[in-house]
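Notes to accompany the following structure.
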Amino acid sequence: MGFSDRDYNRVDIDQTNKGSRRAKNSGTPMSVTMRIVIVNLFLWISNGLFFPHDNWLTSQLMMPSDVLFKPLYWYTFLTSGFVHSPASVSHIAVNMIGLLMFGYGLAFSQFGLARSDNVEWRLGRNEYLCFYLCAIIFSSLSHAVFSGAGGLGASGGVVAVIVLFGILYPNKTILLFFIFPVPAWFLVVIVVYSDLSGALGGRMDGIGYTAHLGGAAFAIGYYYLMFKKRRTLSGFLSFWTKIKNTFTFKPNLKIRSYDDDDDNDTDNDTDKNDNNKNYTKNINDAKFEKQLDEILDRYGKVGEAGLTKEEREFLREASRIYRNRTKK
């Protein structure tokens, strides 16, 4: 990943509102959640338009009942999470609304629809995508193992997003059935209890309760084993970048950096000399980019407020380096 590919090249951190996740940008890419919704809608509409009689597209992507014994169909552990019942509008509608509410943060406000707290913002784009795809696979596998039935639909991944939202924002007010205000943790309890009773009661109503429970279990495991320990699922995305940096010659950079955290312009010269130290660093480019990748990953997860003073200074240095490069 080069400097021109990094998020900080498109986004300037709002230093006037520390702790805020809002940013000034001139070319924000489309939300990952919106892309997922578009893919689901595209596949559902395409199946209805081009295969209205045999639903060939959906049948190729959904998970068969004996998938565990058909390795050639193991790809459906993932693809089944992107197709929905051709005969039911509510199947895809409920799943996409849930994804928009908790993954994207779509909510009602006094000014109409607005974007509120959501899982995608909290995890960061790459990590959120990895979380969602892994949740789909895990929930599909759970459904195949514990129910022995086939399946289709995004509900396992959606439940994972809802449960993680409830863990990250337990006291966030949610309108249950768009009417009753309840805290997010209470919604999670209702969802898990409903799916657990459905699975244990052996309900034959066509709902994949075991897939839902698999998604919920994945979200809980992710929070305690990954998120709280500051581990990421998206680390493998930088694999090829690290390989490229290893075998690419890059000259050492000499960077002159200024500590600009001193906000008091009335300090005497002695204080300025203490707080605004000029220093020169010889930085190996490969090590510099590796450190930058790690800090950007943390910024995507915890925001500016979660970074240390040294990490914020490092990002400012990187931004100055890139601006100087583009001016040449």
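The working numbering puts the first residue of the sequence shown at 5, with every later residue one more than the last.
Idealized CB from N, CA, C, for every residue including glycine.
Exercise. Rounded C-beta distance between GLY218 and GLY160? I'm assuming under 8 Å.
Worked result: Numbered from 1 along the sequence shown, position 214 holds the residue referred to as residue 218. Numbered from 1 along the sequence shown, position 156 holds the residue referred to as residue 160. Contact flag correct, Cβ pair sits at about 6 Å.
Exercise. Taking the C-alpha atoms as reference points, what is the distance between ALA293 and ILE299?
Worked result: Here residue 293 refers to the residue found at position 289 of the sequence shown. Here residue 299 refers to the residue found at position 295 of the sequence shown. A quick correction: the sequence has Glu, not Ala, at residue 293. When rounded, the distance between both Cα atoms is 10 Å.
Exercise. Expressed to the nearest angstrom, what Euclidean distance is found between the alpha-carbon atoms of PRO33 and ARG302?
Worked result: As a working note, residue 33 is residue 29 in the sequence shown. As a working note, residue 302 is residue 298 in the sequence shown. Spanning the two alpha carbons is a distance of roughly 19 Å.
Exercise. Assuming GLY239 and ARG129 make a contact with CB atoms under 8 Å, what is their CB distance in whole Å?
Worked result: Looking up residue 239 in the sequence shown gives position 235. Looking up residue 129 in the sequence shown gives position 125. 14 Å between Cβ atoms; not a contact.
Exercise. THR236 lies in the alpha helix (DSSP H); which residues open and close that run?
Worked result: For the purposes of this step, residue 236 is identified with residue 232 of the sequence shown, where counting begins at 1. Annotation for THR236: no alpha helix (DSSP H) segment contains it, and DSSP assigns it neither H nor E.
For this session: Spatial neighbours of LEU61 within its chain, please: CB distance less than 8 Å, with the 5 preceding and 5 following residues excluded, ordered by chain position.
Result: As a first step, residue 61 is located in the sequence shown; it is residue number 57 there, counting from the start. If you ignore the 5 residues before and after LEU61, its C-beta comes within less than 8 Å of the C-beta of LEU47, SER50, ASN51, PHE54, PHE55 and VAL87, all in its own chain and listed in chain order.
Problem set entry | Supposed contact pair VAL123 and GLY107 - C-beta distance, whole angstroms, cut 8 Å | Sequence index remark: in the sequence shown, residue 107 carries index 103 (1-based). Sequence index remark: in the sequence shown, residue 123 carries index 119 (1-based). Between GLY107 and VAL123 a beta carbon distance of about 5 Å is seen, short of the 8 Å cut, so the two are scored as contacting.
For this session: Quick one: using the 10 Å Cβ neighbour count with 16 as the cut-off for buried, is THR80 buried or exposed?
Result: Here residue 80 corresponds to residue number 76 of the sequence shown, with the count starting at 1. When all chains shown are included, THR80 counts as buried.
Exercise. According to DSSP, which residues form a beta bridge with ARG119?
Worked result: Taking the first residue of the sequence shown as 1, we reach residue 119 at position 115. Answer is LEU110, bridged to ARG119.
Exercise. What did DSSP end up calling MET38 once you bin it into helix, strand or coil?
Worked result: Working through the sequence shown from its first residue, we reach residue 38 at position 34. Of the three classes helix, strand and coil, the one that applies to MET38 here is helix, per DSSP.
Exercise. In angstroms, rounded to a whole number, what distance separates the CA positions of THR37 and LEU103?
Worked result: Start at 1 with the first residue of the sequence shown, and residue 37 comes out as number 33. Start at 1 with the first residue of the sequence shown, and residue 103 comes out as number 99. The alpha-carbon of THR37 is positioned some 7 Å away from that of LEU103.
Problem set entry | Those residues which DSSP pairs with PHE184 across a bridge | Position 180 of the sequence shown, counted from the start, is the residue given in the question as residue 184. The partner list for PHE184 (beta bridge, DSSP) reads LEU180.
Problem set entry | Straight-line Cα distance separating LEU296 from ASN318 | Locating residue 318 in the sequence shown gives position 314, counting from the first residue. Locating residue 296 in the sequence shown gives position 292, counting from the first residue. As written in the sequence, residue 318 is Phe, which differs from the Asn given in the question. Rounded to the nearest angstrom, the two C-alpha atoms are 8 Å apart.
For this session: For GLY155, name the three-state secondary structure that DSSP assigns.
Result: As a working note, residue 155 is residue 151 in the sequence shown. Three-state DSSP puts GLY155 in a strand.
Exercise. Does the Cβ of HIS147 have 16 or more other Cβ atoms within 10 Å, making it buried, or fewer, making it exposed?
Worked result: By one-based count along the sequence shown, residue 147 stands at place 143. Looking at its Cβ environment, which holds 16 or more other Cβ atoms inside 10 Å, HIS147 is buried.
Exercise. Using DSSP with H/G/I as helix, E/B as strand and the rest coil, what is MET66?
Worked result: For the purposes of this step, residue 66 is taken as residue 62 along the sequence shown, with counting starting at 1. Coil.
Exercise. If you compare alpha carbons, which of LEU110, VAL163 and SER201 is closest to PHE142?
Worked result: To locate residue 142, count along the sequence shown from 1; it is residue 138. The candidate whose alpha carbon is nearest that of PHE142 is VAL163.
Problem set entry | Range of the contiguous alpha helix (DSSP H) that encloses ILE101 | Taking the first residue of the sequence shown as position 1, residue 101 is located at position 97. In the DSSP assignment, ILE101 falls within the unbroken alpha helix (DSSP H) covering 93-103.
For this session: Within 10 angstroms of the Cβ of VAL41, are there 16 or more other Cβ atoms? Answer buried if so, exposed if not.
Result: Locating residue 41 in the sequence shown gives position 37, where the first residue counts as 1. A buried status is given to VAL41, since no fewer than 16 other beta-carbon atoms sit within 10 Å of its beta-carbon.
For this session: Classify LEU311 as helix, strand or coil using the three-state DSSP reduction.
Result: In the sequence shown, residue 311 corresponds to position 307, counting from 1. Residue state, collapsed to three classes: coil.
Problem set entry | Close beta carbons around LEU179, own chain, < 7 Å, minus the five adjacent residues each side | Taking the first residue of the sequence shown as position 1, residue 179 is located at position 175. The residues PRO185, in chain order, have a CB closer than 7 Å to that of LEU179 in the same chain once the five nearest residues on each side in sequence are set aside.
Problem set entry | Among THR177, ALA118 and TRP189, nearest to ILE171 - alpha-carbon criterion | Numbered from its first residue, the sequence shown carries residue 171 at position 167. It is TRP189.
Exercise. Does the beta-carbon distance from PHE135 to TYR226 come in below 8 Å?
Worked result: Here the question's residue 135 lines up with position 131 in the sequence shown. Here the question's residue 226 lines up with position 222 in the sequence shown. A contact, by the Cβ cut-off of 8 Å.
For this session: Would you tell me roughly how many angstroms separate the C-alpha atoms of LEU82 and LEU137, rounded to the nearest one?
Result: Translated into positions along the sequence shown, residue 82 becomes position 78. Translated into positions along the sequence shown, residue 137 becomes position 133. Going by the C-alpha atoms only, they are around 7 Å apart.
For this session: Report back the beta-carbon spacing between PHE1 and ALA139 to the nearest angstrom; my notes put them in contact at under 8 Å.
Result: Summary: the structure shown does not reach residue 1, with the chain confined to residues 5 through 332, and so no result is reported for it.
For this session: Could you please give the first and the last residue of the uninterrupted alpha helix (DSSP H) stretch that includes THR80?
Result: Here residue 80 refers to the residue found at position 76 of the sequence shown. Taken as a continuous stretch (DSSP letters only), the alpha helix (DSSP H) holding THR80 covers 80-83.
Problem set entry | Alpha-carbon spacing of ASN280 relative to LYS313, whole angstroms | Locating residue 280 in the sequence shown gives position 276, counting from the first residue. Locating residue 313 in the sequence shown gives position 309, counting from the first residue. At ASN280, the pLDDT of 40 sits below 50, so the modelled position is not reliable; the number obtained from the coordinates is stated separately. Linking ASN280 to LYS313 through their CA atoms gives a straight-line distance of about 14 Å.
Exercise. Which term fits ASN99, buried or exposed, when burial requires 16 or more other beta carbons within 10 angstroms of its beta carbon?
Worked result: The residue given as residue 99 occupies position 95 in the sequence shown. Counting every other CB atom within 10 Å of its CB across the protein chains shown gives ASN99 a total of 16 or more, marking it as buried.
For this session: Indicate whether GLY152 and SER84 have their beta-carbon atoms separated by less than 8 Å.
Result: For the purposes of this step, residue 152 is taken as the residue at position 148 of the sequence shown. For the purposes of this step, residue 84 is taken as the residue at position 80 of the sequence shown. Taking a C-beta distance under 8 Å as the contact criterion, GLY152 and SER84 do not qualify as a contact pair.
Exercise. Which residue comes first and which comes last in the alpha helix (DSSP H) that contains ILE211?
Worked result: What you label residue 211 is simply residue 207 of the sequence shown in a count that begins at 1. Run containing ILE211: none; DSSP gives neither H nor E here.
For this session: Determine the contact status of THR214 and PHE150, defining contact as a CB-CB distance below 8 Å.
Result: For the purposes of this step, residue 214 is taken as the residue at position 210 of the sequence shown. For the purposes of this step, residue 150 is taken as the residue at position 146 of the sequence shown. A contact, by the Cβ cut-off of 8 Å.
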